[in-house]
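What follows is a set of notes on a single structure, which appears directly below.
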Amino acid sequence: MDLVIDKLDDNLKLREFAARHQIPAVSDIGSSKLKYLVTERNEQFLFKDLRRKKSHFFSLDLKPMNVDKIFKSNFSKCFLSLDKNLQVFDSTAGLLNDSVHIANMGFQVTAVEKISWLYEVMQNELDLAKLGDSVLENINLQYGNSLELAEKMKPDVIYFDPVFDVKRKATAKQPMELLRSIASDKNPQDCIEQLLDCCSERLIYKRHKKQKSTFQKFITFSVIGKSVAFDVYQK
Ligand SMILES: C[S@@+](CC[C@H](N)C(=O)[O-])C[C@H]1O[C@@H](n2cnc3c(N)ncnc32)[C@H](O)[C@@H]1O
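What follows is the structure, encoded as structure tokens:
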């Protein structure tokens, strides 16, 4: 099981959260089949990797960004020359790191997440972080399937960052490890074809450097980093 709560945890907010997302309450949290334990403290949901020996609880909070670093990054090169009035649609919200990055570049962002509990946790984190950072007001997080929502919204710019289907040697930070172990995004090619049809300006696809590009003849330019690459399809 991916996510569980401790049967002995009587926190009401946690119990209601677990009921809304069908997260089971278990008594044997030491079982080898379980992945993450979730609890709630001081208005924040916290997670613990049950497969690690010395693991501790961590949150999925939104970290403030260094604006200088943002404008020097490979990521921001994909947004160059785009009018700041264009609507950016983050089709793979996840932990919202990239949405925060895009909002810090001056765009309005609609971010969509298909995992219901992750959507609720990130909406909670966004609401908490908005109190200290007004840029985050420019992010509108929605729950659902972005392929369907993009079809309805027909956004200007679409950003697509599926979970990579590549075996990695290095381990990531705990929140990203959690995302990788609970989300499986198959067939990026099919999604790209669909998303390309929906956007009017640009599609930006983040992939692992080792993963092949798709629809190569439609790629306007690529930005290749140490392990991650971005393919930019300009309409
Ligand atoms: C690699 S993560 C994205 C990480 C994100 N860019 C960030 O900065 O944290 C991919 C996320 O997209 C979500 N996702 C994949 N396909 C989706 C779809 N069709 N609609 C909505 N969310 C989707 C997955 O559940 C997962 O949380």
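Adding 1078 to a residue's 1-based position in the sequence shown gives its number in this note's numbering. Glycine included, every Cβ here is placed at the ideal spot set by N, Cα and C. Predicted, not measured: the structure shown is a model, and the values here were computed from it.
Beta carbon of residue i nearer than 8 Å to that of residue j
i, j, result
"Ser1169", "Leu1273", "yes"
"Lys1287", "Ala1307", "yes"
"Val1082", "Leu1115", "yes"
"Leu1256", "Phe1125", "yes"
"Leu1173", "Leu1206", "no"
"Glu1118", "Asn1089", "yes"
"Asp1080", "Lys1113", "yes"
"Gln1289", "Phe1242", "yes"
"Ile1270", "Thr1298", "no"
"Phe1296", "Tyr1311", "yes"
"Asp1127", "Gln1252", "yes"
Helix, strand or coil at residue i according to DSSP, with G and I counted as helix
i, result
"Asn1216", "helix"
"Ser1133", "coil"
"Val1241", "coil"
"Phe1185", "coil"
"Asp1080", "coil"
"Ile1302", "strand"
"Leu1115", "strand"
"Gln1294", "helix"
"Lys1126", "strand"
"Gln1312", "strand"
"Glu1094", "helix"
"Glu1203", "helix"
Inter-residue CB distance, residue i and residue j (contact presumed, cutoff 8 Å)
i, j, result
"Arg1280", "Val1235", "5 Å"
"Pro1233", "Pro1266", "That belief does not hold up - the Cβ atoms of Pro1233 and Pro1266 are roughly 18 Å apart, past 8 Å."
"Phe1136", "Val1199", "So it is not a contact: roughly 12 Å between Cβ atoms."
"Lys1317", "Ser1105", "This structure cannot settle anything about residue 1317, because the visible part of the chain is limited to 1079 through 1313."
Practice problem: Please determine if the segment 1172–1183 and the segment 1135–1143 are in contact, where contact requires at least 3 C-beta pairs separated by less than 8 Å. | Solution: Put simply, the segment 1172–1183 touches the segment 1135–1143. At least three CB pairs are less than 8 Å apart.
Exercise. Could you tell me whether the segment 1211–1226 touches the segment 1184–1197, where touching means 3 or more Cβ pairs closer than 8 Å?
Key: By the criterion of at least three beta-carbon pairs nearer than 8 Å, the segment 1211–1226 is in contact with the segment 1184–1197.
Quiz prompt | Three-pair Cβ contact test at 8 Å for the segment 1299–1306 versus the segment 1147–1164 | solution = Verdict: yes, contact present.
Practice problem: List in chain order: all unbroken beta strand (DSSP E) runs of 3+ residues lying wholly within the segment 1130–1180. | Solution: Taking only runs of at least 3 residues, the beta strand (DSSP E) segments lying wholly in the segment 1130–1180 are 1165–1168.
Exercise. Could you tell me whether the segment 1095–1114 touches the segment 1221–1239, where touching means 3 or more Cβ pairs closer than 8 Å?
Key: Two segments are said to touch when three or more pairs of C-beta atoms, one from each, lie closer than 8 Å; by this definition the segment 1095–1114 does not touch the segment 1221–1239.
Quiz prompt | Any alpha helix (DSSP H) of 4 or more consecutive residues that is wholly inside the segment 1250–1286 | solution = You should have 1252–1260, 1266–1276.
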